[in-house]
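Everything in the sequence shown is counted per this note's numbering, starting at 31 for the first residue and increasing by one.
Report on the following structure.
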Amino acid sequence: QKTDEDQLIRFGVAVPESLLKLFDKRFHKQGVPTRSEALRQLIRDFVTADTWQSGQGEVYGSITITYNHDTREAGTKMTEIQHHYKDVILCTTHIHANERGCLEVIMLRGPVPRVKKLIEEMRSLKAILSLTPVVRALV
Numbered sequence: 031q032k033t034d035e036d037q038l039i040r041f042g043v044a045v046p047e048s049l050l051k052l053f054d055k056r057f058h059k060q061g062v063p064t065r066s067e068a069l070r071q072l073i074r075d076f077v078t079a080d081t082w083q084s085g086q087g088e089v090y091g092s093i094t095i096t097y098n099h100d101t102r103e104a105g106t107k108m109t110e111i112q113h114h115y116k117d118v119i120l121c122t123t124h125i126h127a128n129e130r131g132c133l134e135v136i137m138l139r140g141p142v143p144r145v146k147k148l149i150e151e152m153r154s155l156k157a158i159l160s161l162t163p164v165v166r167a168l169v
């Protein structure tokens, strides 16, 4: 059952016609079915960006990491860091991408400052080839 906060609210938005045409073209191209859904997604993106930048609130998401497992103690250091963040790490998945490279995906949920600190510590490792966080606000 929906609460009053969950009820859909209709509102009007005035935008230049040329901007609206660009918007319609882009969201249709991405497979978004309606303007309303496109606007809801943009609002969620805005709330997420503000939550992340303000450093307050909770987020959930993933960190995708590629790294060279031949680098001295790479796996050990990554595991050690992850053990310090078991309060925000839900699970991890690890695959061997090639002879030297590994891909690891860390699923997480927690306070923004804690998640940012985890990302910072993982980025500091020499073995890291790439690290891509994807986070969403809990809205």
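Ideal Cβ positions, reconstructed from N, Cα and C, are used throughout, including at glycine.
Opening and closing residue of the beta strand (DSSP E) in which residue i lies
i, result
"R139", "G131 to P141"
"A167", "I158 to A167"
Residue burial classification, residue i (beta-carbon count within 10 angstroms, cutoff 16)
i, result
"T6", "Any answer about residue 6 is impossible in this case: the structure gives the chain only from 31 up to 169."
"P163", "buried"
"I125", "exposed"
"V169", "exposed"
"L148", "buried"
"A44", "exposed"
"Y79", "Here residue 79 is Ala; the residue named in the question, Tyr, does not match the sequence. A79 is exposed by the Cβ-count criterion."
"E134", "buried"
"A127", "exposed"
Expected contact under 8 Å - CB spacing of residue i and residue j to nearest Å
i, j, result
"A175", "V62", "The chain is shown only over 31 to 169; residue 175 falls outside these bounds and no answer can be derived."
"A157", "T101", "4 Å"
N- and C-terminal bounds of the alpha helix (DSSP H) containing residue i
i, result
"H99", "Counting along the chain, H99 falls outside any alpha helix (DSSP H), and DSSP gives it neither H nor E."
"V77", "R65 to S84"
"R40", "Careful: R40 lies outside any alpha helix (DSSP H) and carries neither H nor E."
"S48", "E47 to K59"
Minimum Cβ-Cβ distance from residue i to chain C less than 8 Å
i, result
"L50", "Although the question refers to chain C, the structure presented lacks it and comprises just one protein chain."
On the three-pair Cβ rule with 8 Å, is the segment 141 to 151 touching the segment 69 to 89? yes
Are there three or more Cβ pairs, one per stretch, closer than 8 Å when the segment 40 to 58 is compared with the segment 101 to 111? no
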